[in-house]
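Take a look at the structure set out below.
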Ligand code: SF4
Ligand code: SF4
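In our numbering, the protein residues as written are 3 to 427.
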């Protein structure tokens with residue numbers, strides 16, 4: 003694609019990166035067929051190619067974001083399915099990330115939008131605040147009827163109330179803990195304990211730690227490590243995301259780790275991008291070294307996992323989180339592990355399509371999110387599974403509550419290695 007940035011514009015390193023990405027696109031449109039928003043809405047402007055044109059126009063003209071760009075870029079899930087499909091290797095992720103920052107800096111959203119986005123950015127990354135918000139949502143759930151109506155605000159508030167669990171999970175406080183390996187120590191890793199996940203499903207971290215310890219791996223969770231920054235990063239809040247990245251890099255650097263383990267694949271994609279995010283920062287080199295050892299739990303377990311009890315022969319429908327299959331290109335490891343543990347692994351049709359969770363997307367874009375959820379659940383339930391497994395808390399929350407239990411794959415693996423049976427099975 004031909005671009006027309008001026009020499010002065012190209013002196014901005016962010017614009018220089020965007021220019022390079024844009025020039026790789028040959029507008030073939032292959033990506034449209036696998037884009038969940040194009041498949042759902044059928045509008046070219048809700049396809050990767052359409053968004054690329056919008057971003058190009060906005061950046062080349064050096065103008066503030068307009069309503070049209072905000073509408074269509076906000077509707078992008080950042081699922082990165084387009085990157086898997088694109089034959090030209092267009093780095094859509096960094097392009098849309100930059101567009102989001104540009105929108106955040108130049109566009110004034112309606113007050114209700116600003117208020118909600120501010121609230122999400124100041125609650126979700128902090129487990130204690132997230133717990134308090136979930137409690138409030140629990141209390142508010144019986145009054146959801148008062149939010150009747152089809153306004154976007156009413157739909158978003160209903161979507162938030164829906165996230166409240168029927169029963170609050172036990173409080174989890176893992177910061178500053180070290181979990182020794184059982185028997186001979188064969189490895190030493192840090193675990194990203196996550197933010198929202200700690201409040202929603204602490205059992206995932208518990209299973210991860212127990213399984214790694216049982217396999218001879220020591221697990222460290224430094225007190226200074228916190229949210230990975232993904233949630234605010236996808237909202238275009240660049241400085242907040244960079245601050246989270248710096249804090250984590252500082253917390254993990256110098257610990258002599260074999261790996262930084264991530265069991266929320268949405269976070270894993272961002273950790274692997276710390277090197278890029280902090281490329282112009284004094285800690286660029288350290289950030290790149292942390293990215294290099296960041297690893298999804300499935301990739302780490304592949305070489306060391308051994309089951310220890312007979313399989314119950316369950317049929318597991320595996321839902322591939324976009325951040326894992328498109329963001330990190332990890333496709334076979336989770337299925338290989340589940341089969342090794344003795345489960346029958348089933349895969350749904352259109353496995354490349356997003357379930358509609360995507361960070362705060364299920365709150366901010368409730369209609370598209372609900373349509374994608376229904377589509378995904380239909381293909382998963384057609385497999386007649388005993389359980390749905392995934393490697394990302396966002397997807398598990400999105401797909402829960404429709405008859406089939408949802409569990410993190412690491413909970414199934416831990417169970418078969420001698421751990422406790424996942425709740426709900
Ligand atoms: S598939 Fe790649 S090259 Fe083709 S239009 Fe999409 S982004 Fe551009
Ligand atoms: S990231 Fe996903 S939703 Fe966004 S343009 Fe690419 S395929 Fe479509």
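Note that beta-carbon positions come from the ideal geometry of N, C-alpha and C, so glycine has one too.
Unbroken beta strand (DSSP E) run spanning residue i, endpoints
{"i": "residue 320", "result": "317-320"}
{"i": "residue 186", "result": "Where residue 186 is concerned, there is no enclosing beta strand (DSSP E), given that its DSSP letter is neither H nor E."}
{"i": "residue 170", "result": "Residue 170 -> no beta strand (DSSP E), and no H or E assigned at all."}
{"i": "residue 298", "result": "296-298"}
{"i": "residue 220", "result": "219-223"}
{"i": "residue 391", "result": "389-392"}
{"i": "residue 263", "result": "261-264"}
{"i": "residue 347", "result": "346-348"}
Supposed close pair residue i, residue j - CB separation, criterion 8 Å
{"i": "residue 50", "j": "residue 33", "result": "4 Å"}
{"i": "residue 2", "j": "residue 324", "result": "Because the chain here runs from 3 to 427, residue 2 falls outside it and cannot be looked at."}
{"i": "residue 180", "j": "residue 222", "result": "5 Å"}
{"i": "residue 96", "j": "residue 61", "result": "The Cβ separation is near 13 Å, so there is no contact."}
{"i": "residue 77", "j": "residue 39", "result": "5 Å"}
{"i": "residue 249", "j": "residue 228", "result": "6 Å"}
{"i": "residue 226", "j": "residue 243", "result": "No, residue 226 and residue 243 are not in contact; Cβ-Cβ is about 17 Å, not under 8 Å."}
{"i": "residue 357", "j": "residue 378", "result": "4 Å"}
{"i": "residue 130", "j": "residue 364", "result": "About 22 Å; that fails the 8 Å criterion."}
{"i": "residue 289", "j": "residue 247", "result": "7 Å"}
{"i": "residue 80", "j": "residue 392", "result": "Not confirmed; about 17 Å, so no contact."}
Selection from the options that minimises the alpha carbon distance to residue i
{"i": "residue 85", "options": "94, 78, 79 and 77", "result": "94"}
{"i": "residue 344", "options": "47, 3 and 414", "result": "414"}
{"i": "residue 301", "options": "28, 388, 161 and 266", "result": "266"}
{"i": "residue 175", "options": "38, 205 and 154", "result": "205"}
{"i": "residue 411", "options": "361, 390 and 113", "result": "390"}
{"i": "residue 352", "options": "426, 21 and 321", "result": "321"}
{"i": "residue 318", "options": "306, 203, 342 and 10", "result": "342"}
{"i": "residue 19", "options": "28, 98 and 88", "result": "98"}
{"i": "residue 268", "options": "197, 241 and 284", "result": "197"}
{"i": "residue 307", "options": "46, 257 and 216", "result": "216"}
{"i": "residue 388", "options": "202, 5 and 315", "result": "315"}
{"i": "residue 202", "options": "156, 374 and 165", "result": "165"}
{"i": "residue 309", "options": "360, 416, 102 and 295", "result": "416"}
{"i": "residue 89", "options": "122, 28 and 54", "result": "28"}
{"i": "residue 6", "options": "63, 46 and 23", "result": "63"}
{"i": "residue 121", "options": "79, 23 and 366", "result": "366"}
Spatial distance of residue i from residue j (CA atoms)
{"i": "residue 107", "j": "residue 347", "result": "45 Å"}
{"i": "residue 386", "j": "residue 407", "result": "12 Å"}
{"i": "residue 397", "j": "residue 355", "result": "12 Å"}
{"i": "residue 328", "j": "residue 36", "result": "11 Å"}
{"i": "residue 271", "j": "residue 326", "result": "8 Å"}
{"i": "residue 236", "j": "residue 312", "result": "42 Å"}
{"i": "residue 91", "j": "residue 26", "result": "7 Å"}
{"i": "residue 117", "j": "residue 141", "result": "21 Å"}
{"i": "residue 133", "j": "residue 30", "result": "46 Å"}
{"i": "residue 219", "j": "residue 184", "result": "8 Å"}
{"i": "residue 262", "j": "residue 298", "result": "8 Å"}
{"i": "residue 383", "j": "residue 335", "result": "23 Å"}
{"i": "residue 48", "j": "residue 380", "result": "23 Å"}
{"i": "residue 264", "j": "residue 195", "result": "8 Å"}
{"i": "residue 146", "j": "residue 340", "result": "39 Å"}
{"i": "residue 43", "j": "residue 152", "result": "18 Å"}
{"i": "residue 188", "j": "residue 421", "result": "19 Å"}
{"i": "residue 234", "j": "residue 423", "result": "34 Å"}
{"i": "residue 58", "j": "residue 371", "result": "26 Å"}
{"i": "residue 171", "j": "residue 52", "result": "42 Å"}
{"i": "residue 213", "j": "residue 419", "result": "7 Å"}
{"i": "residue 74", "j": "residue 402", "result": "28 Å"}
{"i": "residue 56", "j": "residue 427", "result": "46 Å"}
{"i": "residue 394", "j": "residue 10", "result": "42 Å"}
{"i": "residue 273", "j": "residue 279", "result": "9 Å"}
Extent of the continuous alpha helix (DSSP H) run through residue i
{"i": "residue 76", "result": "69-76"}
{"i": "residue 99", "result": "94-108"}
{"i": "residue 415", "result": "411-418"}
{"i": "residue 241", "result": "240-254"}
{"i": "residue 41", "result": "38-43"}
{"i": "residue 115", "result": "113-125"}
{"i": "residue 3", "result": "Note, residue 3: premise wrong, no alpha helix (DSSP H); not H, not E."}
{"i": "residue 270", "result": "267-273"}
{"i": "residue 452", "result": "Since the first and last residues shown for the chain are 3 and 427, residue 452 lies out of range."}
{"i": "residue 198", "result": "198-202"}
{"i": "residue 137", "result": "129-142"}
{"i": "residue 85", "result": "83-87"}
{"i": "residue 232", "result": "232-235"}
{"i": "residue 52", "result": "50-62"}
{"i": "residue 2", "result": "Absent from the structure is residue 2, since the part of the chain shown begins at 3 and ends at 427."}
{"i": "residue 399", "result": "395-401"}
{"i": "residue 25", "result": "15-26"}
Closer than 6 Å: residues whose CB approaches a heavy atom of ligand 2: For ligand 2, the selected residues are 37, 38, 39, 50, 53, 78, 79, 80, 81, 82, 83, 84 and 94.
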